[in-house]
Amino acid sequence: MLGAVKQYFNRRKLVDESFQFLFEPYEGDEAVAFDCETTGLDPKHDEIIAIGAVRIKGNRVVASEKFERFFNPQQEMKVESIKIHHLLSCDLVDSDPIEDGMRDFLHFIGNRPLVGYYLEFDVAMVNKAIKPFLGISLPNKQIEVSGLYFDKKIAAIPEGNVDLRFDSIMEDLRLPPFAKHNALGDAIMAAMMYIKLINVKFLEKF
5 MLGAVKQYFN RRKLVDESFQ FLFEPYEGDE AVAFDCETTG LDPKHDEIIA IGAVRIKGNR
65 VVASEKFERF FNPQQEMKVE SIKIHHLLSC DLVDSDPIED GMRDFLHFIG NRPLVGYYLE
125 FDVAMVNKAI KPFLGISLPN KQIEVSGLYF DKKIAAIPEG NVDLRFDSIM EDLRLPPFAK
185 HNALGDAIMA AMMYIKLINV KFLEKF
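Encoded structure:
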């Protein structure tokens, strides 16, 4: 009930009617995994410099249906962030305007559920980017892969500690590593985690 009320008021804030499709109920078998690279880890002050996404259909990562954009931030990037994503301001000089990229991203995801690793941060960054021109936050259903992993793992080891680090989950699920700390690569790995997790009841065999 509370979720429906929040969606109602969120929808009323929409200033561009061409994006009404985001609020339509989704009834298909697809989802979208996505990830952002940013200037830092504070959604209130930092900016998106790269976003990558890939569609999931049933039990398949549809690699041919992917999305990737880069953006030139208005602020200097923190050294700690550069060490992670290896992107410099000079690499982003000719990148897309953030509003154009976000409009394309919203058309790519549509009203599909969103999948990610620590998705709350990425959604917060996208919300910061779209609110100035749309007035809303993302209304899509959100699926956190670390939460799915925890629920499956704790059922098998109720008295144990669950390691929720990205690399640990990938290793435990016996998934091949992809390009780490690259937005599209991280999105693809999150998609692989999601597919593996929705197809097992418990993780005691991993």
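For the sequence shown, our numbering assigns the number 5 to the initial residue and increments by one for each residue that follows. Here a beta-carbon is modelled for each residue, glycine too, at the ideal position from N, C-alpha and C. Nothing here was measured: the structure is a model prediction, and the numbers come from that model.
Alpha-carbon to alpha-carbon, residue j and residue i
i	j	result
P29	I199	22 Å
A35	I52	22 Å
R64	V149	16 Å
M197	L179	8 Å
F125	P47	7 Å
H111	L118	13 Å
D155	P162	10 Å
Y121	V127	11 Å
R15	I202	30 Å
D108	I147	21 Å
Exposure label - residue i; buried when at least 16 CB within 10 Å
i	result
K157	buried
V1	Lying outside 5 to 210, the shown extent of the chain, residue 1 is not represented and no answer is given.
I134	buried
F13	exposed
E31	exposed
Coil, strand or helix - residue i by DSSP
i	result
D190	helix
D33	coil
L152	helix
D126	helix
K170	Here residue 170 turns out to be Phe, not Lys, going by the sequence shown. Correct three-state label for F170: helix.
D100	strand
S141	coil
Cβ-Cβ distance between residue i and residue j below 8 Å
i	j	result
D171	G56	no
A100	F74	Here the sequence assigns Asp to residue 100, which means Ala is not the residue at that position. Yes, they are a contact pair.
A187	D33	no
A195	I113	no
E69	A54	no
K17	G139	yes
Cβ separation of residue i and residue j, assumed to be a contact under 8 Å, to the nearest whole Å
i	j	result
I173	F182	Actually they do not touch by this definition, with Cβ atoms about 13 Å apart.
F25	Q11	Contact flag wrong, Cβ pair sits at about 14 Å.
N144	N115	6 Å
G168	Y153	The sequence shown places Leu at residue 168, rather than the Gly named in the question. Their Cβ separation, rounded to whole angstroms, is 7 Å, which keeps L168 and Y153 in contact under 8 Å.
V58	A37	6 Å
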